[in-house]
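Remarks on the structure that follows.
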Amino acid sequence: MHQAQPTATATPCDTTTTTSTTTSSTSTSGRSNGTSSFSLSRKKTGKEEEDERRVMHERDQTNGAMNGSDNNTANSMQSEQPQKGEGLRRYHTPKYWDARYSRSSFEYFDWYTDYQTLKPLMDYYLKRRPNASVLNVGCGNSRLSMDMALDGYSNITSIDISKNCVDRMRKICNESKDSCDGQFSDLRWLEMDATDLKFGEEKFDLVVDKGTLDALICETTESHPKIQQVVAEAWRVLKSGGYYILITYANEQHRMKSLSRLNWHEVKARRVPYSPSALLIRRLRAQLDGKPLSCVTEEMMSAALPEVRKDLDSFDTATEDLGPEKSVFCYAYCCRKRLKTTASATVP
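Per this note's numbering, residue 1 is the first one in the sequence shown, and the count goes up by one each step.
The structure is reproduced here in structure tokens:
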């Protein structure tokens, strides 16, 4: 449906809370726990330099907006924040998101986390196969599909319920300098409802949902038929042995209810660090007390940046889910569809 900017609570709506829980046996804290052969944490070599670069990039963007040199960035960040009086029931309607994405400012934004953080996860499940078929559900204005293409994955379909969003992402993609090298030539952008996918059965090796299910749950409960239909449709279009990756702020106590109704071969919950941008915006919004990001001061930025660095560094040692307002990580639920009991079934 969309990929929107984290609020001060880093969730799509601030009416949902997460109870503090300790690490479950199915989660990881960025290291191997004996059940997986990859790590979501940055390699120590160059980690500090890379985190510093990303934090400085977010600082420069916000400083530009604050100083009026980049009003589009400020407007984009602020427009992703639901305005007072906007009912949560609108989240599932094309009209709501068409209005959002028709605004003059239209900047990339990745909800929760970004491809750089998710890359080890994608590589692990896709086995670095360039032609692996990927469906990005609720792409919004995220760079996820484009960054995957730049990393060598060419067979990516991105869908969103908003025609305005899809049209603008397609246009931006076609006009990007990277498209001149053909890296975006195979990307597909389609207007489509996640609860009613217009694909045949078993078409994709991987389906990724980064925030779409969370947005829908804001208006209802996990048992609502619409919520169940999103997961059921993802399961239907997955190939035998394929993976559905759900990125969400919610721990197992909440999201497993949405996933357990289908006959998955396995479901693993892994912790994923929030991106520097999500952490920075959360820190700034906590200081702004409801004011727009254009009101950020140098003092606020100076106070926020060291805290963001601490948040990034604490991911490897975080042991508790402190809730969406304080946790330094979100979750990736990796759901594997059962293999068919035929000789022709293959594992992606």
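For each residue, glycine too, the CB sits at the ideal point set by N, CA and C.
Here the structure is a predicted model, which means the values were calculated and not measured.
Supposed contact pair residue j and residue i - C-beta distance, whole angstroms, cut 8 Å
| i | j | result |
| --- | --- | --- |
| ALA132 | LEU187 | Not a contact, Cβ separation roughly 14 Å. |
| CYS334 | TYR243 | 6 Å |
| LEU259 | VAL267 | 6 Å |
| ILE227 | LEU246 | ILE227 to LEU246, Cβ: 12 Å. No contact. |
| VAL207 | GLU191 | 17 Å between Cβ atoms; not a contact. |
| ARG170 | HIS265 | In fact, because the Cβ distance is near 35 Å, the residues do not count as touching under 8 Å. |
| VAL308 | PRO276 | 6 Å |
| LEU284 | LEU293 | 6 Å |
| LEU262 | TRP235 | 5 Å |
| TYR153 | PRO130 | 6 Å |
| ASP205 | VAL134 | 7 Å |
| ASP151 | LYS119 | 7 Å |
| ARG143 | ASP181 | About 17 Å separates the two Cβ atoms, so there is no contact after all. |
Delimiting residues of the alpha helix (DSSP H) encompassing residue i
| i | result |
| --- | --- |
| VAL208 | Looking at the DSSP string, VAL208 is not in any alpha helix (DSSP H); the run it does join, the beta strand (DSSP E), is 204–210. |
| LEU259 | 252–259 |
| ARG100 | 94–101 |
| SER185 | Taken as a continuous stretch (DSSP letters only), SER185 belongs to no alpha helix (DSSP H), as it is neither H nor E. |
| LYS127 | First-last for LYS127: undefined, no H or E at that position. |
| LEU197 | Counting along the chain, LEU197 falls outside any alpha helix (DSSP H), and DSSP gives it neither H nor E. |
| ASP147 | 144–150 |
Contact check, residue i vs residue j, beta carbons under 7 Å
| i | j | result |
| --- | --- | --- |
| CYS330 | TYR112 | yes |
| LEU288 | CYS295 | yes |
| SER240 | LYS340 | yes |
| SER162 | TRP97 | yes |
| VAL230 | ALA194 | yes |
| TYR108 | ASN141 | yes |
| CYS139 | ASP160 | yes |
| SER314 | ASP321 | no |
| LEU121 | ALA332 | yes |
Host beta strand (DSSP E) of residue i (start-end)
| i | result |
| --- | --- |
| CYS173 | No beta strand (DSSP E) holds CYS173; the alpha helix (DSSP H) holding it covers 163–175. |
| LEU190 | 188–191 |
Opposing strand residues paired with residue i [DSSP bridges]
| i | result |
| --- | --- |
| VAL134 | ILE156 and LEU206 |
| ARG336 | TYR243 and GLU266 |
| TRP235 | In the DSSP output, where bridge partners are listed per residue, TRP235 has none listed. |
| PHE329 | PRO273 |
| THR248 | TYR331 |
Chain C contact for residue i (CB, 7 Å cutoff)
| i | result |
| --- | --- |
| ALA194 | Included in the structure is just one protein chain, with no chain C present. |
Residue ranges of each alpha helix (DSSP H) within the stretch 261–289, 4 or longer: 276–288
Whole runs of the alpha helix (DSSP H) within the stretch 285–318, excluding any shorter than 4 residues: 298–314
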